[in-house]
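Peer 1: Pasting a structure below so you can have a look.
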Amino acid sequence: MKGRVFILVIVFVTAFSACRNSSKKNDEFRLAGSETMHEAIVPDNDFNLDFSVGFSSPIEIANLLQVRGVPFSQRYLASSLEASNQVSSFDKALAMGILGANLGYLNIYEKTGNSIEVLASIKKLAEGINVGQFFDFETIKRLSLSKSNLDSLLFLSVDSYNKIDRYLTDNNRGQLSALIITGAWIEAQYLATQVIKQYPDDLLRDRIGEQKQFLNDLIRMMEPYCNLDRQYAGLCSKLKEISDKYDDIEISFTEGEPVSMEQDGGLVITQTETSEVEMTDKQLEDIIKITEKIRNALIVNK
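According to the working numbering, the sequence shown holds residues 18 to 319 in order.
This is how it looks when you write it as structure tokens:
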């Protein structure tokens with residue numbers, strides 16, 4: 018997908034933005050054991066998914082919760098999701114996104130010792146879609162156990178997912194990258210909507226409302242794959258169910274003053290903006306319910 022912006026939604030800092038430009042597709046390359054029908058699909062449109070508008074990453078959500086004093090809770094994790102029960106490439110890629118979001122949540126709250134099991138599951142899933150070689154499990158495991166360098170842990174995890182995405186996309190398996198993104202977004206949305214039930218917060222409420230625009234783009238990204246099989250069709254239908262609950266929510270953006278800062282020896286100017294979300298309590302309640310229903314359906318073991 019030429020020029021597509023891939024944001025590492027799994028375990029990165031809140032100033033999330035990682036771009037790559039893949040201008041070549043290798044139509045001849047085939048992986049042993051790959052699912053030929055699925056992995057030969059390349060979208061005709063050069064659709065750019067804009068992660069800079071409305072998107073809140075799992076790390077951003079987890080960081081917001083920590084700053085607001087929300088305590089860590091194991092019950093928010095997808096503990097029932099077993100890597101060994103994920104059979105198809107679809108299942109494995111989607112689960113990688115979900116568990117990656119869990120990993121980010123654990124790391125932000127410095128529960129890194131508890132993340133080893135999640136890391137092992139992610140490694141198994143990555144190997145299942147033939148991208149395990151890009152996941153430096155031993156180093157990430159060592160950093161997790163040491164609890165000494167969160168920045169290095171986050172960077173290495175991000176780098177692994179970035180390599181996986183680039184490899185999948187360059188080899189006409191971009192639908193698996195789309196599934197990883199979707200899984201991570203659904204899990205982050207679930208985390209935010211579960212927390213706000215117990216810890217009401219205006220900023221978190223706005224972050225949930227702002228997902229309307231990103232979700233619309235996420236659906237557009239998935240559209241080329243919706244007819245691949247019943248699993249893809251089912252996921253597209255689920256995303257539409259969530260989107261329907263956002264229909265009457267209004268979001269307006271106001272540009273602020275540009276902010277200048279030095280970065281890598283140069284001057285970087287960033288355009289700031291603020292958003293205003295008009296969302297009723299009933300609309301929020303509906304979003305919470307549908308998100309919980311769909312997320313829980315996705316983590317049921319086969």
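In this text, a Cβ means the ideal position worked out from N, Cα and C, and glycines have one as well. All figures in this text were calculated on a predicted structure; none of them were measured in a lab.
With 16 as the cutoff for other CB atoms within 10 Å, does PRO217 come out buried or exposed?
Peer 2: Counted from its first residue, the sequence shown places residue 217 at position 200. PRO217 should be labelled exposed.
Peer 1: Enumerated in chain order, which unbroken segments of the alpha helix (DSSP H) with a length of 4 residues or greater are wholly contained in the segment 65 to 136?
Peer 2: Runs of the alpha helix (DSSP H) inside the segment 65 to 136: 75 to 84 and 106 to 125.
Peer 1: Would you kindly work out how many angstroms separate the C-alpha atoms of THR129 and GLY149, rounded to a whole number?
Peer 2: In the sequence shown, residue 129 corresponds to position 112, counting from 1. In the sequence shown, residue 149 corresponds to position 132, counting from 1. Taking the straight line from one Cα to the other gives about 21 Å.
Peer 1: Do you know offhand how far GLN300's Cα is from SER90's?
Peer 2: Position 283 of the sequence shown holds residue 300. Position 73 of the sequence shown holds residue 90. The alpha-carbon atoms of GLN300 and SER90 are separated by roughly 25 Å.
Peer 1: When you compare the CB positions of ASP107 and LEU185, do they come within less than 9 Å of one another, or not?
Peer 2: What you label residue 107 is simply residue 90 of the sequence shown in a count that begins at 1. What you label residue 185 is simply residue 168 of the sequence shown in a count that begins at 1. Just to set this straight, residue 107 is Phe in the shown sequence, not Asp. Taking 9 Å as the Cβ cut-off, PHE107 and LEU185 do not qualify as a contacting pair.
Peer 1: Looking only at its chain, what residues have a beta carbon closer than 6 Å to the beta carbon of LEU116, apart from the 5 residues adjacent to it on each side?
Peer 2: Numbered from 1 along the sequence shown, position 99 holds the residue referred to as residue 116. VAL135, SER138 and ILE139, listed in sequence order.
Peer 1: Pairing CB atoms from the segment 259 to 269 with CB atoms from the segment 220 to 234, are three or more of them under 8 Å?
Peer 2: Verdict: yes, contact present.
Peer 1: Which stretch, first to last residue, makes up the alpha helix (DSSP H) that contains GLN211?
Peer 2: The count along the sequence shown starts at 1 and reaches residue 211 at position 194. 191 to 215 is the span of the alpha helix (DSSP H), which, as asked, contains GLN211.
Peer 1: DSSP three-state label for ILE286, please.
Peer 2: Residue 286 sits at position 269 when you count from the first residue of the sequence shown. Looking at ILE286 - three-state DSSP - the assignment turns out to be strand.
Peer 1: Of the residues GLU309, LEU123, ALA112 and LEU120, which one's Cα is nearest the Cα of GLN211?
Peer 2: Within the sequence shown, residue 211 is the residue found at index 194, counting from 1. Answer by Cα proximity: GLU309.
Peer 1: In terms of DSSP beta bridges, what is PRO241 paired with?
Peer 2: Here residue 241 is taken as the residue at index 224 of the sequence shown, counted from 1. In the DSSP output, where bridge partners are listed per residue, PRO241 has none listed.
Peer 1: For LEU297, which of ASP264, SER277 and THR291 has the nearest alpha-carbon?
Peer 2: Mapped onto the sequence shown, residue 297 falls at position 280. First, the residue type needs correcting, since residue 297 is Thr and not Leu in the sequence shown. Answer by Cα proximity: ASP264.
Peer 1: Between the segment 75 to 84 and the segment 218 to 227, can you find at least three pairs of beta-carbon atoms closer than 8 Å?
Peer 2: Yes, they touch.
Peer 1: Go to GLY273, then tell me how far its beta strand (DSSP E) extends in each direction, as first and last residue.
Peer 2: In the sequence shown, the residue the question calls residue 273 occupies position 256. Unbroken beta strand (DSSP E) run through GLY273: 267 to 280.
Peer 1: Below 9 Å between beta carbons: does that hold for ILE157 and SER177?
Peer 2: Within the sequence shown, the letter at position 140 stands for residue 157. Within the sequence shown, the letter at position 160 stands for residue 177. Against a cut-off of 9 Å, the Cβ pair of SER177 and ILE157 comes out as a contact.
Peer 1: Which stretch, first to last residue, makes up the alpha helix (DSSP H) that contains ASN313?
Peer 2: For the purposes of this step, residue 313 is identified with residue 296 of the sequence shown, where counting begins at 1. Note, ASN313: alpha helix (DSSP H), 298 to 315.
Peer 1: Between VAL30 and the rest of its own chain, which residues show a CB-CB distance below 6 Å, the 5 nearest in sequence each way excluded?
Peer 2: Along the sequence shown, read from residue 1 onward, the residue named residue 30 stands at position 13. Residue confidence for VAL30 is low, a pLDDT of 30 falling below 50, so the modelled location carries little weight and cannot support an answer.
Peer 1: What is the C-beta distance between ILE268 and VAL294, in whole angstroms, given that I count them as a contact (C-beta under 8 Å)?
Peer 2: As a first step, residue 268 is located in the sequence shown; it is residue number 251 there, counting from the start. As a first step, residue 294 is located in the sequence shown; it is residue number 277 there, counting from the start. Contact flag correct, Cβ pair sits at about 5 Å.
Peer 1: Buried or exposed: where does GLY121 fall if 16 or more other Cβ atoms within 10 Å of its Cβ makes it buried?
Peer 2: As a working note, residue 121 is residue 104 in the sequence shown. By the 10 Å Cβ count, GLY121 comes out buried.
Peer 1: Just confirm the distance between the C-beta atoms of GLY200 and ALA112, as a whole number of angstroms; I'd bet it's less than 8 Å.
Peer 2: Indexing the sequence shown from 1 puts residue 200 at position 183. Indexing the sequence shown from 1 puts residue 112 at position 95. That belief holds up - the Cβ atoms of GLY200 and ALA112 are roughly 7 Å apart, short of 8 Å.
Peer 1: Report the rounded CA-to-CA distance for SER169 versus ASN131, giving the unit in angstroms.
Peer 2: Reading the sequence shown from its first residue, position 152 is the one you call residue 169. Reading the sequence shown from its first residue, position 114 is the one you call residue 131. Spanning the two alpha carbons is a distance of roughly 18 Å.
Peer 1: Could you please give me the residues that DSSP links to VAL294 through a beta bridge?
Peer 2: Here residue 294 corresponds to residue number 277 of the sequence shown, with the count starting at 1. ILE268.
Peer 1: Relative to the C-alpha of TRP202, which candidate in ARG85, ARG312 and LEU82 has its C-alpha closest?
Peer 2: The count along the sequence shown starts at 1 and reaches residue 202 at position 185. Per the Cα distances, ARG312.
Peer 1: In chain order, what residues of the same chain have a beta carbon less than 6 Å from the beta carbon of ILE286, not counting five sequence neighbours either side?
Peer 2: As a working mapping, residue 286 is identified with position 269 in the sequence shown. Within the same chain, ILE286 has close Cβ partners PRO275 and SER277.
Peer 1: Have a look at MET238 and GLY114 and give me their C-alpha separation to the nearest angstrom.
Peer 2: Along the sequence shown, read from residue 1 onward, the residue named residue 238 stands at position 221. Along the sequence shown, read from residue 1 onward, the residue named residue 114 stands at position 97. Using only the alpha carbons, I get a separation of about 16 Å.
Peer 1: Near GLY145, which residues of its chain fall below 6 Å by C-beta distance, leaving aside the five closest residues on each side in sequence?
Peer 2: Residue numbering aside, residue 145 sits at position 128 when the sequence shown is read from its first letter. LYS109.
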